[in-house]
Amino acid sequence: MIAPRWRKVFRDIAGTPLRTALAVAAMAAGAFGVSMILTSYSILTRELKTTYSDTRPASAILILDGPVTDAIVDFARRVEGVADAEARPVIGGRIRIGAGQWLPLTLFVVRDFRSMRMDRITGATAIADDEILIEQSSLGITHATIGERVIVRTSDRGEHPMRIAGTVHAAGLAPGWMEHSATGFVTWNSILRANAGVESQQLRILVNGDRLDERHIRDVAKIVERAIDRKVTRIDVPTPGRHPHAAQMDTFLFLLGAFGALTFALSAVLVANMIHALLVEQLRQAAIMKTLGASTRQIASLYLGQVSILAVIALAIGLPLGISAGRAYARFCASMLNATLTNEMPPLWVIVAEVIAGIAVPLLVALAPVWRVSRISIHEAFSNGAGSHAFGTRPFDRWLARMQWLPRPLMLSLRTAFHRRGRLILTVATLAVGGAAFIAALNVSAAWTRTLEADARARRFDVQAAFGRSYPVARVSQALATVPEVEQAEYWIEAGADLGDTRVSLVGPDVNSKLLALPLIEGRWLKPGDDAAVVVNQSLAGLHVGNDLVLRINGRIVRWRVVGVVKELAPHANVYALPETILRATRQPRDMTRGVRIVTRRHDVASQVAASKTIEHALDRAGILVGGIRALDDARQAFADHLVIIKSALIFAALLVVLVGGLGLTTTLTLNVIERTREIGILSAIGATPRTIARGVVVEGVVMAILSWCVAVILAIPITFALDAATGQMFIQSALDFFMSPAAIAGWLLLAVVLAVLSSFHPARRAARMAIREALAYE
Amino acid sequence: MITMQRVSKTYETPAGSFNALRNIDLEIGTGEFVAIVGKSGSGKSTLLNMIGGIDRPSSGLLSIGGTNIQSLKHNELASWRGRSIGFVFQFFQLLPALTVAENVMLPMDFAGVLVGKARRKRAEELLDRVGVADQADKLPSALSGGQQQRVAIARALANDPPVILADEPTGNLDSETSAEIFRLFAELAADGKTLLVVTHDAEAAMSVSRTITIVDGCVA
């Protein structure tokens, strides 16, 4: 037989469905938010670590100046410190995706699909020498289907019909759709290998010992370089243990974690608010129980028991929903990173932690109000107005009371809103934090858009083409003259160089070029006569005006002085110098070029893409081999696609916080109505219509929403700064330019007011429907 | 049974301090049925609250059944109250979520008096005694005011306390029902309970054995 006091607990829970529902919703929202974020966080960190390491990523890639034979591979394997070695030539080419439309294609030549020793792929089947296995994330952008024959063009101008035999998954590669570039795999004897000149001859090695130690890897690679009987032109060491998109992932997980903590804190506040209100309602009943002989401990255990029951119900709702949402989100993020999740279950500790937090947090925040209710003296509880200050006892109330020029119903709404000061502050703060997160998310999004727009102003050409080798400028310019879309073309000097272990690009724009106007972070741009002066971009962190830049170009060391640092939308290192400076260092002839930058007559994306087709066709006819051609806006789009995951995380997390904030608003309004039941009865008795009463509640909600909006705008400033710095640093090694989006600010005002009206709908209706008799009899 | 020596109670309010009771000396014996009368605000309820341990005196000595109330700690006071005092209020103060029988069982639950079915049995007996046994499984909201007050009296008797305190128990009832409630009180007094009833009801107060009039916080 259940003791009557526990029956009271169950009946209170069942007998006040609205309040119970609000309290459970508040707790469930917290449980949902936290479990969703914790679930996706834990699945992603676990799975990405293993999916990437399971591919056995190569420690270093040595690029040789001739074919990587089996003999070289065998020899490399025997070098001390080398765990394994494999030849993996790479063919740079393009795949036809429509009439005159080509997409960059990278093809990896695999010695033996059955025993890939490193950078493994999954799903490979035996294929013929005229077939390709396409990476799954690239299939969509090739517009091809499995079994279809496609045209592949290699840099020797060869065009080869190849059959797409199937898809594979290469978890170690960035997703093709995001890179706007396709990836595939071909056999050792592939027909594409007729001309070895088109290949990058790669020897991949896996080191023994600490595979995460970059210095150790370089040391081993150097030993291999000296040991093998081939010239090594370059050694690439991918950041050990890091997926190529690990930076995106880090930013994403950071945001997820930060917003998770925020949701957790906000819902705890909301739950505290809710429990406090629930218990204030119980003051009188607690007092009655005391007159019947209940001890403080008995009353406290009663209410803590009630909170525990609500918490368990909330957990039963929030936890499974949060876990499935977290799993779905983890799946979405994995697809962004070209990873597949082998195990979508969150680890046990996550579930245990969620259950403990889901019950412990409500109990913890309930301690103070429960203590207060249990300790309250019977006299205090029975006297009027227990648990609140009478309106008019505080200076702010008196100030409000003097604002008599307002319409009386509005005045009443305002005074009501400000009456429960603590609750008002909590409600406004919760909503404001959600709003600030929302505004900041849109601000960062807008800042990225502006960064891309700024890049369009800084690089004023529309199409950029790179050639397979050098061609006389006169021949290229003759070919372009036949293309009516071309308005202007510039032939900049370009070369590669090594800065220590970093590969940098040397770019020599025409000294009078109007096509480049990169924003300076420090120093100045190049000017005629700058013999040994260079301007670097922000990717070369640590270099400042006045520093010397020491580069190795074709085996020779050159020393240049940095005169300026520019900021550009490029994750890789660029060094700008006058053409003569580069020509002198590289000993290239002046009248030869490896690329061209073109201004087209029309500048929209469609015209750019159309023009690039015509240009490629013209160059092709002139016998100029195009290695790659890209419409700039298309490239910018590829960059923007990298931000999708970050933006989605930001918006999603902000919406979660907004949801909790909206729930807080509903809770507060409902509680205010419940507590003012008698007052509403009096209002009705003296002639207020249900409409007037309902309007009062809505106005109260809107006042809170507007207040929260003001706070949100201020709060959004530091959050935006932090996010601009975090996401900017990840992608362009520099903080984004701070920007407060007017659309975001106005949007949040609108959303907050709509949220307020929606939140007040139920309380307003409840208030309006209350019968006078019932309301006046309310205890 | 109840001894008060120079008991005073002073409240501090924003409007200044207010003397609700001044130097009350009072002796009430076992089985007495006492009416406490006086105007609104004279201090009747305060006096009752002192005796019930709901409020503490600012000064003076208060002993009930040999227990010095002032010496009890917060929790000791609660369990003492549960066993020694039965309260009846003007607005009945039944817990709305519990049935009539459960309301009566609640004090036993808190005090740990009886177990299991014995509690239910006692509740039924008490309800029978006050004449509402047929309402045992209804919620208070389904009962009339008079019935609710009978339940409240049954609840006050739950732990068989020696003292019953009632604060305007008939303030919300019609005269016929009021008379019935006072008859019930008289029976309880006859059974040896000490009853103190604050009332405005002059007619009902006729049935008591003694009347104490309070004027401005003093026994007149």
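Heads up: the protein sequence lines correspond to chains V and Y, in order. Note that the first sequence covers residues 5 to 783 in the working numbering. Note that the second sequence covers residues 1142 to 1361 in the working numbering. Beta carbons are placed, not taken as given, at the ideal position from N, Cα and C, and that holds for glycine.
Residues near residue 375 (chain V) in its chain [Cβ-Cβ closer than 8 Å; skip 5 each side]
These residues qualify, in order along the chain: 304.
Spell out whether any CB of chain V is found under 8 Å from the CB atom of residue 1228 (chain Y).
Contacts with chain V at 8 Å (Cβ-Cβ) include residue 1228 (chain Y).
How about residue 441 (chain V) and residue 266 (chain V): do their beta carbons lie closer than 8 Å?
Yes, the Cβ-Cβ distance between residue 441 (chain V) and residue 266 (chain V) is below 8 Å.
Residue 576 (chain V): buried (16+ other C-beta within 10 angstroms of its C-beta) or exposed?
Burial call: exposed.
Give me the Cα-Cα distance between residue 90 (chain V) and residue 141 (chain V), rounded to the nearest whole angstrom.
Pairing residue 90 (chain V) with residue 141 (chain V), the inter-Cα distance amounts to about 25 Å.
Rounded to whole angstroms, what is the Cα-Cα separation between residue 554 (chain V) and residue 431 (chain V)?
For residue 554 (chain V) and residue 431 (chain V), the distance between alpha carbons rounds to 59 Å.
Enclosing beta strand (DSSP E) for residue 163 (chain V) [first to last residue]
In the DSSP assignment, residue 163 (chain V) falls within the beta strand (DSSP E) that extends over 163-172.
If the criterion is Cβ atoms closer than 8 Å, does the pair residue 242 (chain V) and residue 340 (chain V) meet it?
No, the pair does not count as a contact, with Cβ atoms beyond the cut-off.
Along chain Y, in chain order, which residues have C-beta atoms closer than 7 Å to that of residue 53 (chain V)?
Neighbourhood of residue 53 (chain V) in chain Y, by CB distance below 7 Å: empty, with the nearest CB roughly 53 Å away.
Delimiting residues of the beta strand (DSSP E) encompassing residue 349 (chain V):
Run containing residue 349 (chain V): none; DSSP gives neither H nor E here.
Counting only C-beta atoms, is residue 269 (chain V) closer than 8 Å to chain Y at any point?
Output row for residue 269 (chain V): interface = no.
In its own chain, which residues sit with a C-beta less than 7 Å from the C-beta of residue 311 (chain V), not counting the 5 before and 5 after it?
Non-local beta-carbon contacts of residue 311 (chain V) in its own chain, meaning distances under 7 Å to residues more than five positions away in sequence, involve 279, 366, 367 and 370 in chain order.
Pull up the CB-CB distance for residue 28 (chain V) and residue 327 (chain V), whole angstroms please, since I reckon it's below 8 Å.
Residue 28 (chain V) to residue 327 (chain V), Cβ: 18 Å. No contact.
Separation of residue 511 (chain V) from residue 579 (chain V), as counted between CA atoms:
Counting only the Cα atoms, residue 511 (chain V) lies some 6 Å from residue 579 (chain V).
At 4 residues or longer, and completely inside the region 446-530 of chain V: list those alpha helix (DSSP H) runs for me, N to C.
DSSP runs (the alpha helix (DSSP H)) wholly in the region 446-530 of chain V: 477-485.
Buried or exposed: where does residue 742 (chain V) fall if 16 or more other Cβ atoms within 10 Å of its Cβ makes it buried?
It counts as exposed.
7 Å Cβ cut-off: residues of chain Y touching residue 8 (chain V):
Chain Y residues near residue 8 (chain V): 1239, 1243, 1246, 1247 and 1250.
Could you name the residues of chain V that residue 1193 (chain Y) contacts, counting a contact when the two beta carbons are closer than 9 Å?
Listed along the chain, the chain V residues whose CB falls inside 9 Å of the CB of residue 1193 (chain Y) are 295 and 382.
Report yes or no: do the region 1330-1342 of chain Y and the region 1300-1309 of chain Y share at least 3 C-beta pairs separated by less than 8 Å?
Output reads yes: the region 1300-1309 of chain Y touches the region 1330-1342 of chain Y.
Interface partners of residue 19 (chain V) on chain Y, CB under 7 Å:
Those are 1238, listed as they occur along chain Y.
Sequence-distant residues of the same chain with beta carbon closer than 7 Å to residue 283 (chain V), five excluded per side:
Short of 7 Å from the beta carbon of residue 283 (chain V), and not among the five residues preceding or following it, lie these beta carbons of its own chain, in chain order: 307, 373, 374 and 377.
Check this for me: beta carbons of residue 717 (chain V) and residue 749 (chain V), under 8 Å apart or not?
Yes, the Cβ-Cβ distance between residue 717 (chain V) and residue 749 (chain V) is below 8 Å.
From V:695, V:506 and V:92, pick the residue whose C-alpha is nearest to that of residue 210 (chain V); which is it?
Nearest to residue 210 (chain V) by alpha-carbon distance, out of V:695, V:506 and V:92, is V:92.
Give me the residue from V:640, V:80, V:383 and V:148 with the minimum Cα distance to residue 236 (chain V).
It is V:80 whose Cα lies nearest to the Cα of residue 236 (chain V).
From which residue to which residue does the beta strand (DSSP E) around residue 1309 (chain Y) run?
If you look at residue 1309 (chain Y), you'll find it isn't in any beta strand (DSSP E); DSSP assigns it neither H nor E.
Would you mind sorting residue 353 (chain V) into buried or exposed? The rule is 16 or more other CB atoms within 10 Å of its CB.
So residue 353 (chain V) ends up on the exposed side.
Please confirm if the region 1188-1200 of chain Y is in contact with the region 1148-1156 of chain Y, defined as three or more CB-CB distances below 8 Å between the two stretches.
Cβ pair count under 8 Å is three or more, so yes.
Tell me where the beta strand (DSSP E) around residue 89 (chain V) begins and ends.
Following the DSSP letters along the chain, one finds residue 89 (chain V) inside the beta strand (DSSP E) bounded by residues 86-91.
Out of V:22, V:467 and V:55, which has the shortest C-alpha to C-alpha gap to residue 3 (chain V)?
For residue 3 (chain V) there is no data in the structure shown, the boundaries of chain V being 5 and 783.
Should residue 12 (chain V) be flagged as near chain Y, meaning a C-beta pair shorter than 8 Å?
Interface annotation, residue 12 (chain V): in contact with chain Y, CB-CB separation under 8 Å.
Neighbouring residues, chain Y, relative to residue 15 (chain V) (Cβ below 8 Å):
For residue 15 (chain V), the chain Y residues whose C-beta falls within less than 8 Å of its own C-beta are 1238 and 1239, listed in chain order.
Tell me, please, whether the CB atom of residue 1219 (chain Y) is closer than 8 Å to any CB atom in chain V?
A Cβ of chain V is located within less than 8 Å of the beta carbon of residue 1219 (chain Y).
Quick one: grab the DSSP three-state call for residue 1143 (chain Y).
Judged by DSSP in its simplified three-state form, residue 1143 (chain Y) adopts strand.
Within this structure, are the beta carbons of residue 772 (chain V) and residue 726 (chain V) separated by less than 8 Å?
Contact flag unset, no.
Below 7 Å on C-beta distance, what does residue 302 (chain V) contact in chain Y?
The answer, in chain order, is 1251.
Can you check the region 183-213 of chain V for any beta strand (DSSP E) of at least 3 residues that lies completely inside it and give the ranges in chain order?
Restricting attention to beta strand (DSSP E) runs no shorter than 3 residues, the region 183-213 of chain V encloses them at 186-191 and 203-211, ordered along the chain.
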